[in-house]
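Undergrad:
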Amino acid sequence: MNNAKAYSAASATSPLARTTIPRRDPTEHDVQIEILFCGICHSDLHSVRNEWSSLMPTVYPIVPGHEIVGRVTNVGSAVTKFKPGDLAGVGCMVDSDRTCPHCQADLEQFCPNMTLTFNSPDKHLGGVTYGGYSDSIVVNERFVLHIPSNLDLAGVAPLHCAGITTYSPMRHWGVIKGKKVGVVGLGGLGHMGVKFARAFGAHVVVFTTSPGKKEDALRLGANEVVVSRNADEMKKHAGSFDFILDTISADHDINAYINLLGHDGNLTLVGAPEKPLAVSAFGLLFGRRSLSGSLIGGIAETQEMLDFCGKHNITADVEVIPIQKVNEAYERLLKSDVKYRFSIDMASLKSR
Ligand code: NAP
Ligand code: ZN
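According to the working numbering, the stretch in the sequence shown is residues -4 to 347, in order.
#1: Are the Cβ atoms of L240 and T203 separated by less than 7 Å?
#2: Mapping the DSSP letters down to three states, classify N308 as helix, strand or coil.
#3: Between V222, L102, G173, Y55, which has its C-alpha nearest V199's C-alpha?
#4: Identify the continuous alpha helix (DSSP H) that holds Q99 and give its terminal residues.
#5: Less than 7 Å separating the beta-carbons of S163 and E296?
#6: Quick one: give me the first and last residue of the alpha helix (DSSP H) that P164 is part of.
#7: Which whole-angstrom value describes the C-beta separation of A267 and S42, a residue pair presumed to lie in contact below a C-beta threshold of 8 Å?
#8: For P79 and S72, what's the separation of their Cα atoms in angstroms?
#9: Would you say the beta carbon of C33 comes nearer than 6 Å to a heavy atom of the ligand ZN?
#10: Can you check which of these residues, F238, V313, L50, is closest to L148 by C-alpha distance?
#11: Buried or exposed for H232, going by 16 or more other Cβ atoms inside 10 Å?
#12: Examine the ligand ZN and report whether any of its heavy atoms sits within less than 6 Å of the Cβ of L163.
#13: What is the DSSP secondary structure of F303, counted as helix, strand or coil?
#14: For R18, write down the residues that DSSP places opposite it in a beta bridge.
#15: Roughly how many angstroms lie between the CA atoms of C410 and A152, to the nearest whole one?
#16: Considering only heavy atoms of the ligand NAP, does any lie closer than 6 Å to the CB of H41?
#17: Let me make sure I understand the geometry here. Which of F238, I16, N(-2) has the alpha-carbon closest to that of R166?
#18: Quick check on F138: buried or exposed, where buried means 16 or more other Cβ atoms within 10 Å of its Cβ?
#19: With G278 and N250 assumed to form a contact (beta carbons below 8 Å), what rounded beta-carbon distance in angstroms separates them?
#20: Shorter than 6 Å, the distance from the beta carbon of H198 to the closest heavy atom of the ligand NAP, or not?
#21: Just curious, the beta strand (DSSP E) that E323 is in, first and last residue?
#22: Whole angstroms is fine: what's the gap from G127's alpha carbon to P52's?
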């Protein structure tokens, strides 16, 4: 066993603070990775504060982080896809049963025995898994991604969650040239959604509660920007969208967006607010509209997304921070004040 430096929270109300955690020695199929950057996802904050307690109660101490990029330092004897020195990525999952119908369909994210990168039972060491706010991690090679060599690593880290979570539903619902696509909420997920929708050739409209993000939305690839608190601006788009991706992390009126869909239009929720959302049946009945959800993406599709990003030079727009600023970053996340993802430079873990 190795000791790794990390940041953990001791309770739902404690700040994250320096700690030491155990990491297993690589078994024959494992890859050991020195973590260089880890993105801060709003899911980290939901989990640290136990906001998803009814579905996934948080076990403390928690070490969050599932947008990991680093360099391979050691591999098990049976590993074939990686060697020491390679760049490597890890997202929200580190294992699954590989035999269920979901795994067989390359949809490991729906496997009933899937292991999340943090706060999941750890099959090797007992207790729960610890995530990427750490200087190293050990992961089975099937759950380790190859990183295109042309991309900036701080901006690559967030692709492992924010990237795949927005890429996957857009692929599934046929976002292509000629489609009118809405992206609701311009945060970590939202800004990646804008980049992908534009890269797929769609006409992209951003819905934001922050008028100050208008210029950035256009720079990121939006064709139009709507300040969602302005009812007149919203009305202009009634009944016109093929697809809307809702990335909002907090309670909001989802019916306002369902009403913007055209017939057979789809609204996919990827945001995961703490409390249930109220849905008006009539918004769905008229126009045969549909409402669905989407959870990250399988490993094969995550690799496809990374390769797509390499080819099209796509990364997240990041604000790189030392880990000592993580608690401040969480407070800013709650104020929608992030441009547009925090990426922790893990070299900062070495200093006090
Ligand atoms: P984020 O960076 O904090 O962005 C969320 C954005 O939502 C904010 O920037 C803000 O955008 C908007 N927003 C926040 N509070 C709002 C409110 N009260 N009313 C209206 N809009 C509001 O968060 P993120 O990391 O992108 O994550 C977004 C959500 O997706 C979280 O709930 C997270 O847990 C979830 N998530 C789900 C998956 C999945 O697999 N489905 C994966 C990762 C994350 P504007 O300033 O533009 O309004
Ligand atoms: Zn995430």
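Ideal Cβ placement from N, Cα and C applies to all residues, glycine included.
TA: Let me spell this out:
#1: no
#2: coil
#3: G173
#4: 96 to 99
#5: yes
#6: 157 to 167
#7: A267 to S42, Cβ: 10 Å. No contact.
#8: 12 Å
#9: no
#10: V313
#11: buried
#12: First, the residue type needs correcting, since residue 163 is Ser and not Leu in the sequence shown. False, no ligand heavy atom lies under 6 Å from that Cβ.
#13: helix
#14: N(-3)
#15: Residue 410 falls outside the range modelled here, since the chain spans only -4 to 347, and no answer is possible.
#16: yes
#17: F238
#18: buried
#19: 5 Å
#20: no
#21: Counting along the chain, E323 falls outside any beta strand (DSSP E), though it belongs to the alpha helix (DSSP H) covering 321 to 329.
#22: 19 Å
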